[in-house]
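Written below as structure tokens is the structure these notes are about.
Chains as they are written, first to last, in the working numbering: chain X, 1 to 95; chain D, 1 to 468.
This is the structure:
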């Protein structure tokens, strides 16, 4: 596995609460899962994916967790075209 | 000694963490577990209106345009009885720094944090408030940490919230991205304790006072354009701050006869803390999952006493469906040339239904829009819904079923808001209050508080209490 260099923009993950540690009032489907945190920052020292690491966030805080993503990016989009929307407004706009 | 970070231990430290992170001593306003000096708190723990305006102008907030939607109004009249079809206006709140009315709340919170000497702020929010806090923090030179509930146990993020997280990082904030669950609040407490930052809660007196300018601006703009006060102002309702702040602004501007209408997207049947239901919602705010619990018991939030108290101010409460809002969002784009985010158009949808029942010379103001973009767009939401197994089709909105089926109307006349009985919300409020504090112990102060908090008379309350 390739080494990830110190200073790289990465994402870490950690378990905040295990299923048994979670809040008492939550529904069963949620209780079956751990309460997870993901956060991005600059890697503090060279590491491999999956290792426990420290990062420095955008405001300079140091946080620890498992290294899961190199160069985390936003890929959300406008989605595939929903054709129904294209048909709306034609009748009203032709008045 | 190592700090105990278990759920129960952190929740038990709630009050001391809150006190340290806000600099407000709520105890001085408290009368009992349910009642407190609301107006005293709003006066003493906030700023006068002219000071709020000055604070907001410093950071690119407020003074947004009010537009009349003439083509939409004409289309509504086409589906109304002769003489009906009120004029619809919209307050383009997307023009605020960060693209939503939430900048009004954040602006005052960040000013307060700066004034009190905090180095940074934390806010737990999956809504537009995150970007608003991050944008205001950037302008005040403070650090910001935004905690978001954003992904389910499959690691899949709701596109609307993913976009809001992106915006927060773009403004330089640290974004803590959390999985589904009410433990967001637990995590907020831990983060406040770790950092010593200010709690930029949505529900503080100054946060709500920041929205009052929205109400006062509407009144002065409508008076200027139409020579009189609006008949109706509609606000999308979730946590209650939008309705509360706007209505307080209307009152401060002297618009005594303007009806305050609250409106939410109907998501009944979906559990808000359910990992499975999380990505079956196409609206992440402005819906009944927040609207009803916050109206019927405001003091369920991240501050000891909530300044957002919607039942105190709403004259009507309407529900609309997800499909109706997407339809009206498309119409706003195609007929009025304004492409705005769907969540902000919830109240516009309600306005269409209300306008049809009101005379042509009546004035309805929709008091917000929000920015749109990848993720925060009705096409993204509908495509995401389809990919999560939700049926999306044209039809009659009454066939809509949250979490299973989104029905998009084909004609404007199919937009029909559904007014709710406020009596049901008030009964539910009394039940919550009784749970928090035994009715047998309520004194005159408590009863007056409860009556005012539900916008009813003491007589109405007394007769209702007899049946409990």
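Glycine included, each C-beta is placed from N, C-alpha and C at the ideal position.
Here the alpha carbon of residue 223 of chain D sits roughly 45 Å from the alpha carbon of residue 17 of chain D.
Taking every protein chain shown into account, the CB of residue 341 of chain D has 16 or more other CB atoms within 10 angstroms, so this residue is buried. About 6 Å separates the beta carbons of residue 323 of chain D and residue 409 of chain D, which is inside the 8 Å limit, making them a contact pair. Rounded to whole angstroms, the gap between the alpha carbons of residue 76 of chain X and residue 384 of chain D is 10 Å. Residue 264 of chain D: member of the beta strand (DSSP E) spanning 259 to 265, first to last residue.
Not one beta carbon of chain D lies nearer than 8 Å to the beta carbon of residue 46 of chain X. Along the length of the region 393 to 463 of chain D, whole alpha helix (DSSP H) runs at least 4 residues long occupy 422 to 436 and 444 to 453, reported in chain order. Per DSSP, reduced to three states, the secondary structure at residue 194 of chain D is helical.
Among the residues facing chain X, residue 187 of chain D is included, as its CB has a counterpart in that chain under 8 Å away. Its Cα nearest to that of residue 178 of chain D, the residue D:275 stands out among D:60, D:14 and D:275. Residue range 288 to 296 is occupied by the alpha helix (DSSP H) that includes residue 290 of chain D. As DSSP reads the structure, residue 226 of chain D sits in no beta bridge.
For residue 413 of chain D, no chain X residue has a Cβ inside 9 Å of its Cβ, as the nearest lies near 11 Å away. Take the alpha-carbon of residue 259 of chain D and the one of residue 253 of chain D: they are about 14 Å apart. Collapsing the DSSP output to three states places residue 40 of chain X in a strand. When DSSP states are grouped into helix, strand and coil, residue 26 of chain D belongs to the helix group. Taking C-alpha positions only, residue 314 of chain D is separated from residue 262 of chain D by approximately 6 Å. Within the region 269 to 333 of chain D, the complete beta strand (DSSP E) segments at least 3 residues long are 316 to 320, listed from N- to C-terminus. In this structure, DSSP gives residue 199 of chain D an extended state, which the three-state scheme calls strand.
Within chain D, no C-beta atom comes less than 9 Å from the C-beta of residue 67 of chain X; the nearest is roughly 15 Å away. By the beta-carbon neighbour count (other beta carbons within 10 angstroms, threshold 16), residue 377 of chain D is buried. By the 16-neighbour rule on beta-carbons within 10 angstroms, residue 468 of chain D is exposed.
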